[in-house]
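> Got a structure for you, questions after.
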Amino acid sequence: MAHHFSNQEVAGKLREVAAAMEVRGDDGFRIRAYENAAVAVDNLSSEAFDLWEAKKLDEIPGVGANLAQHLDDLFRTGSVKHFTKVKKPLPAGMFALLDISGVGPKIAYTLSKQFGLTKSETAAVKLKKALESGKVADLEGFGEQSQERLLTAVTGFLKKKGPERLLLPVAEKVAEGILSYLSSCPEVIKASALGSLRRRVPTVGDVDIGVATNQAGAVVDFMKQYPAANRLVAAGEGLVRLELTNKLTVDVKLVNPTEWGSLLQHFTGSKNHNIVLRELALKQGKSLSEHGIKHEARSTKQEVRKYDNEEDFYKALGLTWIPPEMRENAGEIEVSEQRKLPQLVELKDIKGDLHTHTDYYWISSHDAGTDDISTLLETAKKLGYDYLALGDHNPSISSYNENKIISLIKERKEYIDKIISTRENKVKYSSIKVLNSLEVDIRPDGTLAIPEEALKYLDFAVVSIHSSFAMKKEEQTKRVLKSLFYAKVKILGHPTGRLINQREELDIDFNAVMAECLKRNIALEINAIPQRLDLPETLVRQAVKLGVKLAINTDAHSADQLEQMRYGVDVARRGWAKKQDIVNAWPWEEFQHWLTG
DNA sequence: GCCGTTTTCGGCCCGACTGTTTTCAGTCG
Ligand SMILES: Nc1nc2c(ncn2[C@H]2C[C@H](O)[C@@H](COP(=O)(O)OP(=O)(O)OP(=O)(O)O)O2)c(=O)[nH]1
Ligand SMILES: [Mg+2]
Ligand SMILES: [Mg+2]
Ligand SMILES: [Zn+2]
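Be aware that the first sequence starts at 36, since it is given in this note's numbering, and climbs by one per residue.
Below, the structure is given as structure tokens:
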């Protein structure tokens with residue numbers, strides 16, 4: 036009988052063993068191997084359990100024969116003898132303390148042992164009591180200050196709900212506030228948002244800001260006065276770390292302008308990109324840091340050569356500059372070395388939006404848009420688009436019968452034709468081709484929520500799932516495949532159905548779906564709504580590899596939301612998509628050929 | 001423990017800050 040564990044549970048177990056090994060004083064590299072494996076399992080795009088069933092555990096980078104064997108024990112029997120043995124001598128409560136900031140294995144162990152924290156459920160609360168009683172300050176290696184610091188950290192930990200990461204646009208707003216504040220500091224020469232923000236990761240854990248200055252001390256003092264700061268976490272000559280009133284952490288790293296290039300590289304990350312880059316440098320006899328490159332890392336001469344721009348920094352390693360969105364240690368260093376970096380799609384390549392909602396007046400199956408056709412066209416024109424598809428939700432099938440739906444869709448076509456052919460609009464929007472589309476629900480049985488007869492009134496259809504999210508993989512996959520069979524279907528909308536921080540992805544076999552898309556010349560949508568960003572980047576990457584086409588759409592429910600295209604392009608770039616992979620980056624003629632072909 | 005354009009041994013990123021401690025360990029990014 037197999038025992039199921041989620042990726043997060045498996046990663047948690049690996050981290051606990053790593054922490055236990057740290058306390059035991061085991062080899063640091065072996066510990067790192069456990070931590071690496073934990074991160075790898077955490078970030079897996081499929082379930083480790085499924086990989087185990089398919090006997091493919093050791094295909095996870097960072098999981099080798101040994102760990103695969105341990106995880107095999109875990110999934111078969113529900114526990115791992117070796118893990119249990121390593122953790123047994125240690126107080127069980129210590130593992131519950133590891134997520135408290137500033138508490139690592141050593142401190143967790145010392146305090147758990149000292150105060151008898153044997154249960155994970157009560158460990159943090161008991162520790163707080165001990166800290167409040169003042170007993171911690173008397174322990175060897177601790178003092179009044181560390182006691183105070185720990186109390187703040189434990190209190191924050193106990194208040195915290197979950198490890199929520201911010202959506203990219205929310206973090207962008209925070210960063211803009213800080214950058215605007217920094218721009219009024221005369222000693223700041225350059226300032227940029229780096230870290231996950233610059234890599235355009237869909238969710239952001241903290242806000243990282245790089246600063247170039249010749250007077251770091253003055254900038255540090257200036258940052259300490261930031262109005263939205265709640266607490267100063269750390270400060271030195273190269274760093275200020277603040278906790279904001281909304282509990283978000285801000286890291287500001289400072290270097291001289293001569294070191295700007297190396298800071299950009301380092302502080303953009305990702306961590307794994309940095310580590311692999313540094314390992315590559317070591318093989319070349321160089322050593323990298325945010326301050327520059329030691330070109331003779333092994334000699335006694337330790338001169339650090341400085342780089343004021345990133346291009347030169349990468350060039351010094353024999354690489355061409357790598358777009359931040361690609362810096363995830365997913366093969367980008369190799370392709371840069373081989374001069375085979377893809378020319379990633381850019382926002383300015385986008386020539387139209389293929390999924391937008393208007394305020395059209397029927398009772399629709401889901402939320403309608405709030406702006407009319409002309410308002411959308413106005414914005415589309417401002418964005419320089421060559422084409423725009425109006426894709427309202429289908430009429431509600433519980434409100435209308437089939438014949439009524441057919442006549443409604445016919446009526447809508449006539450209405451759109453009329454609007455765009457008025458003399459005024461013909462002149463105003465002459466540069467934009469308007470497409471008559473619908474976002475049609477895929478019903479649980481895979482049929483469409485409009486009669487087939489109505490499809491002839493559309494230029495094309497986007498089909499999407501908006502119900503029955505919990506179906507089993509086989510059934511859900513069949514459902515999607517069936518929907519792709521209908522005439523006029525050209526785009527599968529928000530294919531995984533995920534809502535970041537809220538709803539998991541649908542259980543779908545995307546190998547099968549992509550094969551079908553390829554066969555039928557159907558595009559997968561990259562929905563640009565920041566909470567969706569769906570397709571997720573790993574599936575984008577897979578689609579690009581297979582040659583499956585993609586459409587980046589805003590799914591705008593108001594004219595201003597047409598401007599969220601950027602977030603979809605970010606995902607496309609993180610999935611290594613080129614202009615040729617994105618149907619709405621094609622000129623009208625080419626796009627139209629695809630649409631009707 | 002993992003891993004392989006100097007493959008199955010011998011490497012494994014590098015620095016900032018804190019706090020308690022006379023020279024550094026622990027934690028974090
Ligand atoms: N070389 C190296 N660089 C690191 C390490 N940890 C972090 N960095 C660099 C790369 C990161 O992108 C950058 C900022 O660190 P963060 O912890 O804020 O990570 P990041 O912003 O990538 O993700 P986040 O959304 O904050 O979780 O600092 C490390 O262990 N080694
Ligand atoms: Mg960050
Ligand atoms: Mg950070
Ligand atoms: Zn939808």
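All residues carry an ideal CB built from backbone N, CA and C; glycine is no exception.
(1) Around the C-beta of Leu581, are 16 or more other C-beta atoms found within 10 angstroms, so that it is buried, or is it exposed?
(2) For the pair the region 273-284 and the region 327-337, tell me if three or more CB-CB distances fall below 8 Å.
(3) Do Ala563 and Thr589 have their beta-carbon atoms positioned less than 7 Å apart in this structure?
(4) Taking all protein chains shown into account, decide if Ser231 is buried (16 or more other Cβ within 10 angstroms of its Cβ) or exposed.
(5) Taking 6 Å as the cut-off, is the beta-carbon of Asp241 closer than that to any non-hydrogen atom of ligand 2?
(6) In angstroms with no decimal places, state the Cα-to-Cα distance between Asp668 and His428.
(7) Contact between the region 226-243 and the region 304-319 is defined here as three or more beta-carbon pairs at a separation below 8 Å; is this criterion met?
(8) Between Leu32 and Gly139, how many whole angstroms is the CB-CB distance? I'm expecting something under 8 Å.
(9) For Glu325, which residues in the same chain have their Cβ closer than 6 Å to its Cβ, ignoring the five residues on either side in sequence?
(10) If I measure Cβ to Cβ from Ile66 and keep anything under 7 Å in the same chain, skipping five residues before and after, which residues do I get?
(11) Would you give the residue range spanned by the alpha helix (DSSP H) that Phe257 belongs to?
(12) If we count Cβ pairs, one from each stretch, closer than 8 Å, do we get three or more for the region 603-610 versus the region 414-433?
(13) Quick one: what does DSSP say Tyr464 is sitting in, helix, strand or coil?
(14) Report back the beta-carbon spacing between Thr573 and Ala547 to the nearest angstrom; my notes put them in contact at under 8 Å.
(15) Is Ser499 near ligand 4, going by C-beta to nearest heavy atom under 6 Å?
(16) Among residues of its own chain, excluding the 5 on either side of Ala210, which ones have a beta-carbon nearer than 8 Å to its beta-carbon?
(17) Ligand 2 and Gly245: does the residue's C-beta get closer than 6 Å to at least one heavy atom of that ligand?
(18) Tell me the DSSP secondary structure of Glu635 in three-state form.
(19) List the endpoints of the continuous beta strand (DSSP E) containing Lys288.
(20) Regarding Gly528 and ligand 5, is the C-beta to nearest heavy atom distance less than 6 Å?
(21) Which word fits Glu360, buried or exposed, when buried means at least 16 other C-beta atoms lie within 10 angstroms of its C-beta?
(22) What residue from Ser219, Phe520 and Arg533 has the CA that sits closest to Leu553's CA?
(23) Say yes only if the C-beta of Ser305 is nearer than 6 Å to one or more non-hydrogen atoms of ligand 1, and no if none qualify.
(24) Kindly indicate the opening and closing residues of the alpha helix (DSSP H) around Ile444.
(25) Where does the unbroken alpha helix (DSSP H) through Asp173 begin, and where does it stop?
(26) Between Arg533 and the rest of its own chain, which residues show a CB-CB distance below 6 Å, the 5 nearest in sequence each way excluded?
(27) Just the Cα atoms here: how many angstroms apart are Lys9 and Val160?
(28) DSSP three-state label for Asp384, please.
(29) If you pair each beta-carbon of the region 456-466 with each one of the region 427-445, do three or more pairs fall below 8 Å?
(30) If you run the structure through DSSP and keep just helix, strand and coil, what is Lys123?
(31) If we ignore side chains and look at the alpha-carbon of each, how far apart do Lys439 and Leu79 end up?
(32) Once you ignore the five residues that flank Leu323 on each side, which residues in its own chain have a CB closer than 7 Å to its CB?
(33) Counting C-beta neighbours from all protein chains within 10 Å, is the total for Gly60 16 or more, i.e. buried, or is it exposed?
(34) Which residues mark the beginning and the end of the alpha helix (DSSP H) in which His301 is found?
(35) Taking a contact to mean a Cβ-Cβ separation below 7 Å, would you say Asp384 touches Leu597 in this structure?
(36) Does the distance from the C-beta atom of Ile561 to that of Ser518 stay below 7 Å?
Let me lay it out:
(1) exposed
(2) no
(3) yes
(4) buried
(5) yes
(6) Given a span of 36 to 632 for the chain in the structure shown, any question on residue 668 remains unanswerable.
(7) yes
(8) In the structure as shown, the chain starts at 36 and stops at 632, and residue 32 therefore has no counterpart that could be examined.
(9) Ser297, Leu298 and His301
(10) Ala53, Met56 and Glu57
(11) Bounds of the alpha helix (DSSP H) holding Phe257 are Ala251 to Lys259.
(12) no
(13) coil
(14) Going by Cβ atoms, the distance from Thr573 to Ala547 rounds to 17 Å, so no, they are not a contact pair.
(15) yes
(16) Correct list, in chain order: Ala228, Leu232, Val242 and Ile244.
(17) Because no heavy atom of ligand 2 lies under 6 Å away, the Cβ of Gly245 does not count as near it: no.
(18) What is shown of the chain runs 36 to 632, which leaves residue 635 out entirely.
(19) Thr284 to Val290
(20) Among the ligands modelled here, namely ligand 1, ligand 2, ligand 3 and ligand 4, ligand 5 does not occur.
(21) buried
(22) Phe520
(23) yes
(24) Glu437 to Ser456
(25) Where Asp173 is concerned, there is no enclosing alpha helix (DSSP H), given that its DSSP letter is neither H nor E.
(26) Glu540 and Asp569
(27) Nothing can be reported for residue 9: it is not among the residues displayed for the chain, which extend from 36 to 632.
(28) helix
(29) no
(30) Reduced to three states, the DSSP call for Lys123 is coil.
(31) 47 Å
(32) Leu312, Arg313 and Ala316, listed in sequence order.
(33) Classification for Gly60: exposed.
(34) Judged by DSSP secondary structure, His301 falls within the alpha helix (DSSP H) whose first and last residues are Trp295 to Thr303.
(35) no
(36) no
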